[in-house]
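Novice: Quick note: the sequence shown, position 126, residue 144 per my numbering, numbers continuous.
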Amino acid sequence: MTQPHDGLLPRFAVGVDIGGTSIKASLVDVTTGERAARRFAVANPVGKEPEDFAAAIAGIVRDVSPIAGTPVGVGFPGIVRGGIVRQTTHVSQRWVGIDAQALLSEATGVDVVVVNDADAAGVAEREFGAMRDREGLCLLTTLGTGIGTALVYEGEVIPNSELGHVHIDGPDFEPRVGFSAVRREGITLEEWAGRLNVYYRHLEMLLSPQLFVIGGAAAHVFDEFARFLDLGTEIVSARFGNDAGFTGAAMVAVSPDRLAPWYRSTRGAHFDPGTPAIAD
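As structure tokens, this is what we get:
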């Protein structure tokens with residue numbers, strides 16, 4: 019694999035965010051969090067299989083990278099430990115047990131860093147966005163196809179929280195609160211905000227955070243539904259909106275120490291489509 023660092027941290031990296039319906043990416047200036055090139059967005063491959071994603075991401079990286087060996091970070095929709103996928107909901111279940119870092123590194127020719135997508139967004143908002151210089155516990159929720167969550171305590175990202183899957187008055191609350199429910203069910207933003215009130219009040223009871231941050235696709239219409247929220251906790255829109263995932267992924271690609279050491283460790287295994295990289 020290409021090693022681009024040579025002792026000095028690069029200023030630019032490619033960030034990729036795998037969502038429930040699309041892949042978003044851009045070249046990011048990791049010293050500011052700003053995009054350094056246009057934003058790419060392509061539909062997820064049919065079937066959402068690992069090999070198909072690898073081919074799609076390799077093509078995106080070729081298009082986005084200004085030079086060979088530009089660092090690449092990927093936010094993945096599920097639990098990721100040491101680059102290995104442990105759980106996922108919105109893509110093929112064949113991802114579970116696969117070393118995503120090895121797969122994507124092999125496909126792109128660069129040592130790719132793979133982390134949970136919401137955690138990547140949390141890194142961006144902690145460093146340059148809504149959670150910068152905020153004390154105590156802050157909670158980012160990315161509201162799109164489903165709900166991603168990033169817990170940030172005293173500036174440290176607590177990985178793989180997956181609080182979108184809490185059960186409130188019945189089954190998994192995620193399908194009812196993800197922003198996609200507005201279009202899928204034909205409900206108004208006011209009706210949807212009523213569900214958000216139930217969800218965020220539950221999180222208030224569990225965690226007593228100092229701040230809620232709304233990211234994902236819903237961030238673009240935050241001002242239209244925020245007036246319907248009635249919470250005891252301050253709630254704001256993410257600075258980077260739906261771009262936070264690839265922005266933070268790029269930052270982690272250049273400086274993996276933005277996440278805890280046990281979270282970023284990797285076994286360096288090669289991708290085998292027939293055998294999980296590790297079994298619990």
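Cβ coordinates follow ideal geometry from the N, Cα and C atoms, glycine included.
Can the beta-carbon of GLY182 be found closer than 9 Å to that of ILE205?
Specialist: Start at 1 with the first residue of the sequence shown, and residue 182 comes out as number 164. Start at 1 with the first residue of the sequence shown, and residue 205 comes out as number 187. No, the pair does not count as a contact, with Cβ atoms beyond the cut-off.
Novice: If you run the structure through DSSP and keep just helix, strand and coil, what is LEU27?
Specialist: Here residue 27 refers to the residue found at position 9 when the sequence shown is read from its first residue. Looking at LEU27 - three-state DSSP - the assignment turns out to be coil, as it is neither helix nor strand.
Novice: Taking the alpha carbon of ASP187 as the point to measure from, which residue in PHE197, ARG99, TYR217 has its own alpha carbon closest?
Specialist: Counted from its first residue, the sequence shown places residue 187 at position 169. If we check each option's Cα against that of ASP187, TYR217 comes out closest.
Novice: Need the endpoints of the beta strand (DSSP E) that ARG104 sits in, please.
Specialist: Along the sequence shown, one-based indexing puts residue 104 at 86. Counting along the chain, the beta strand (DSSP E) containing ARG104 begins and ends at 102–106.
Novice: Using a Cβ-Cβ cut-off of 7 Å (strictly less than) and excluding sequence neighbours within five positions of ALA168, which residues of its own chain qualify?
Specialist: For the purposes of this step, residue 168 is identified with residue 150 of the sequence shown, where counting begins at 1. So the qualifying residues of the chain are ALA136, ASP137, ALA139, GLY140, LEU158, VAL175, SER179.
Novice: Can you give the Cα-Cα distance for LEU161 and ASN260, rounded to whole angstroms?
Specialist: The residue labelled residue 161 in the question sits at position 143 within the sequence shown. The residue labelled residue 260 in the question sits at position 242 within the sequence shown. If you take the alpha carbons of LEU161 and ASN260, they lie about 9 Å apart.
Novice: Taking 8 Å as the cut-off, is the beta-carbon of ILE205 closer than that to any non-hydrogen atom of the ligand SAH?
Specialist: In the structure shown, the ligand SAH is absent, as is every other ligand, since no ligand is present at all.
Novice: Measuring straight from C-alpha to C-alpha, what distance separates PHE71 and VAL133?
Specialist: In the sequence shown, residue 71 corresponds to position 53, counting from 1. In the sequence shown, residue 133 corresponds to position 115, counting from 1. Roughly 15 Å separates the two Cα atoms.
Novice: Suppose you measure from the CA of ALA262 to the CA of VAL239; what does that come to, to the nearest Å?
Specialist: By 1-based counting over the sequence shown, the position of residue 262 is 244. By 1-based counting over the sequence shown, the position of residue 239 is 221. Taking the straight line from one Cα to the other gives about 16 Å.
Novice: At the level of alpha carbons, what is the spacing between GLU208 and GLU124?
Specialist: For the purposes of this step, residue 208 is taken as the residue at position 190 of the sequence shown. For the purposes of this step, residue 124 is taken as the residue at position 106 of the sequence shown. Taking the straight line joining both Cα atoms gives about 46 Å.
Novice: Using 9 Å as the threshold, is the C-beta distance between PHE264 and GLY233 below it?
Specialist: In the sequence shown, residue 264 corresponds to position 246, counting from 1. In the sequence shown, residue 233 corresponds to position 215, counting from 1. Cβ atoms of PHE264 and GLY233: not closer than 9 Å.
Novice: Mind reading off the beta-carbon distance from SER40 to GLY33? Whole number of angstroms is fine, and I expect it under 8 Å.
Specialist: Position 22 of the sequence shown holds residue 40. Position 15 of the sequence shown holds residue 33. SER40 to GLY33, Cβ: 14 Å. No contact.
Novice: Given that a residue counts as buried once 16 or more other Cβ atoms are within 10 Å of its Cβ, and exposed if not, what is LEU221?
Specialist: Looking up residue 221 in the sequence shown gives position 203. Looking at its Cβ environment, which holds 16 or more other Cβ atoms inside 10 Å, LEU221 is buried.
Novice: Let me make sure I understand the geometry here. Which of LEU27, LEU249, ASP47 has the alpha-carbon closest to that of ALA142?
Specialist: The sequence position of residue 142 within the sequence shown is 124, counting from 1. Comparing Cα-Cα distances from ALA142 to each of LEU27, LEU249, ASP47, the minimum goes to ASP47.
Novice: Name the DSSP beta bridge partners of VAL64, please?
Specialist: As a working mapping, residue 64 is identified with position 46 in the sequence shown. Beta-bridge pairing links VAL64 to no other residue.
Novice: Just checking my contact of LEU122 with VAL92 at CB under 8 Å: how many whole Å lie between their CB atoms?
Specialist: In the sequence shown, the residue the question calls residue 122 occupies position 104. In the sequence shown, the residue the question calls residue 92 occupies position 74. Confirmed, about 6 Å.
Novice: For ALA268, which option in ASP129, ARG194, THR163, GLY196 has the closest C-alpha, if you only look at C-alpha atoms?
Specialist: Here residue 268 refers to the residue found at position 250 of the sequence shown. Selected option, being the one with the closest Cα: ASP129.
Novice: Identify which residue in GLY212, TRP210, ILE116, THR50 has its Cα closest to the Cα of PHE30.
Specialist: Your numbering for residue 30 matches position 12 in the sequence shown. Cα-wise, what sits closest to PHE30 is THR50.
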